[in-house]
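My numbering runs 474 ahead of the 1-based position in the sequence shown.
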Amino acid sequence: MTIYKTIKGFTVQTIAGDPPTPNIGQIWYNSTSNTLKCTTVGTGAWSSGENLPIATDAFSGSAGTATAGLAFGGQSPPGITGATYEYDGTDWSSGGSLSTARQFATGAGTQTAGLATGGESPSGSVNSTEEYDGTSWSSGGNYPATVNGAAGSGLQTAAVVVISSTAAEYDGSSWTASNALNTSRAYLMSGNGAAPQTACWVNGGPPTASTGKVTEEYDGTNWTSGNNSNVGRSQAAGAGSQTTAILMGGGSPAAAAEEYDGTSWTSLSNMNIARVAGPGGFGSNTLAVTFGGQSPGGKLITTEEFNIPATAIKTFTVS
475 MTIYKTIKGF TVQTIAGDPP TPNIGQIWYN STSNTLKCTT VGTGAWSSGE NLPIATDAFS
535 GSAGTATAGL AFGGQSPPGI TGATYEYDGT DWSSGGSLST ARQFATGAGT QTAGLATGGE
595 SPSGSVNSTE EYDGTSWSSG GNYPATVNGA AGSGLQTAAV VVISSTAAEY DGSSWTASNA
655 LNTSRAYLMS GNGAAPQTAC WVNGGPPTAS TGKVTEEYDG TNWTSGNNSN VGRSQAAGAG
715 SQTTAILMGG GSPAAAAEEY DGTSWTSLSN MNIARVAGPG GFGSNTLAVT FGGQSPGGKL
775 ITTEEFNIPA TAIKTFTVS
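And the structure:
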């Protein structure tokens with residue numbers, strides 16, 4: 475029989491309760507409840523957040539973090555919108571509207587230094603770029619081509635946007651052509667936020683079912699192949715960097731979510747609501763937010779939050 479003291483060099487601590495801030499892997503005997511306890515890495519779960527101000531799909535224009543997020547554009551009644559919303563981890567509030575209403579724009583940056591590129595306006599696909607300062611949008615340099623359903627990430631002064639055979643980097647004023655993806659596709663997903671330009675990843679997108687699982691990573695110069703995701707997706711929500719990525723919705727099943735650690739994709743618990751047709755998202759694989767999109771009932775107003783607590787306590791009853 476294996477003896478704990480032989481392995482660790484000390485006995486299990488006995489205390490009348492639980493330690494206030496136990497470390498991962500710590501074991502103790504709670505003499506009050508007569509239980510043996512230990513801490514493990516927490517398990518992620520989805521919970522409801524505050525609803526959007528209005529039901530919206532075709533976002534893809536989102537940026538920032540789970541506690542300081544930015545969402546803009548999309549399709550909400552009566553049509554393509556230029557509305558901007560800010561999320562503080564609890565509540566949504568309205569920000570300044572885009573100069574050009576657009577859906578399926580590409581987002582990057584932060585809540586106070588956001589970037590909106592391309593998308594489809596009421597008159598067709600556009601190549602214009604707009605920059606957000608936390609209050610209002612102003613014009614930036616035009617993307618090299620009209621672009622709708624692209625992906626990208628980075629900062630307002632160092633971003634990359636890619637679609638099909640077109641890719642370019644933004645320096646805060648102008649776009650410079652860069653190497654394109656190895657697998658051409660559209661309506662794909664990426665970190666859509668402030669992940670470094672050199673840690674951008676993309677996944678999924680048509681034209682074929684097989685490309686819906688394809689992952690590529692960008693090092694600031696070249697795109698290299700990563701492992702395929704478990705679920706093929708298009709028009710989903712993505713967040714995080716190459717080592718903290720999360721995909722939400724847009725696949726089959728449409729409530730599926732999974733995370734990427736830079737090597738492989740791992741399935742997470744399903745969202746409470748199936749989301750297709752461009753839900754928005756920001757955050758990382760330990761703390762993420764997704765919102766809007768479509769369910770079989772139509773456009774969605776709901777928000778969901780994914781959280782993995784740092785630790786969880788597991789209890790063993792002692793007889």
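Cβ coordinates follow ideal geometry from the N, Cα and C atoms, glycine included. In this text the structure is predicted, and so the values were computed from the model without any measurement.
Three or more beta-carbon pairs separated by less than 8 angstroms link the region 649-668 to the region 682-693, which places the two stretches in contact.
With a cut-off of 8 angstroms on Cβ pairs, the region 727-743 is not in contact with the region 629-639, counting fewer than three such pairs. In the DSSP assignment, SER522 falls within the unbroken beta strand (DSSP E) covering 519-523.
In the pairwise beta carbon analysis, the region 708-716 is classified as not touching the region 498-513: fewer than three pairs are separated by under 8 angstroms.
Minimum Cα-Cα distance from SER597 among the listed residues GLY646, SER613, ARG576 corresponds to ARG576. Under the 10 Å beta carbon count, SER743 is surrounded by fewer than 16 other beta carbons and is classified as exposed. DSSP places GLN671 in the helix class (H, G or I) of the three-state scheme.
In the DSSP assignment, PHE765 falls within the unbroken beta strand (DSSP E) covering 761-765. At the C-beta level, ASN525 and THR777 come within 8 angstroms of one another.
The beta-carbon separation of GLY570 and SER610, rounded to 4 angstroms, stays under the 8 angstroms limit for a contact. In this structure, ALA519 lies away from SER550, with their beta-carbon atoms at least 8 angstroms apart.
Remark: C-beta atoms of TYR617 and GLY592 approach each other more closely than 8 angstroms. If you check the CB distance, VAL750 and GLY757 do not come in under 8 angstroms. Distances from the alpha-carbon of THR580 to those of THR698, ALA683, GLY667 put GLY667 closest.
Here the alpha carbon of THR564 sits roughly 43 angstroms from the alpha carbon of THR485. For PHE756, the uninterrupted beta strand (DSSP E) run begins and ends at 754-757, by DSSP.
Relative to THR603, the option among ILE775, GLU594, GLY614 whose CA is nearest is GLY614.
Leaving aside the five residues that flank LEU761 on each side, the residues in its chain whose CB is nearer than 6 angstroms to its CB run, in chain order, ALA540, ASN781. Residue state for GLY592 is assigned as coil, using DSSP reduced to three classes. As the crow flies, the alpha-carbon of GLY608 is around 16 angstroms from that of GLY646. Inclusion of GLY588 and TYR561 in the CB contact set at 8 angstroms is not warranted, their separation being larger than that value. The Cβ atoms of GLY535 and ALA545 sit closer than 8 angstroms to each other. For VAL635, the enclosing beta strand (DSSP E) has its first and last residue at 632-637. By the neighbour-count definition (other C-beta atoms within 10 Å, threshold 16), SER568 is an exposed residue. Only buried fits GLN671, as 16 or more other CB atoms lie within 10 angstroms of its CB. In this structure, ASN653 keeps its C-beta atom at 8 angstroms or more from the C-beta atom of ASN601. For THR718, no beta strand (DSSP E) run applies, since DSSP gives it neither H nor E.
Closest option to PRO753, judged by alpha-carbon separation, among MET745, THR740, ASN746, GLN768: GLN768.
A straight line joining the alpha-carbon of THR737 with that of GLY755 spans about 22 angstroms. Its chain contains ARG707, ALA710, ALA711, ALA729, ALA730, ALA731, MET745, ALA748, ARG749, VAL750, PRO753, THR764, GLY767 as the residues whose beta carbon lies nearer than 8 angstroms to that of GLY723, once the 5 sequence neighbours on both sides are disregarded; these appear in chain order. When DSSP states are grouped into helix, strand and coil, GLY700 belongs to the strand group. GLU594 places its beta carbon less than 8 angstroms from that of ASN622. Linking ASN702 to ASN508 through their CA atoms gives a straight-line distance of about 47 angstroms.
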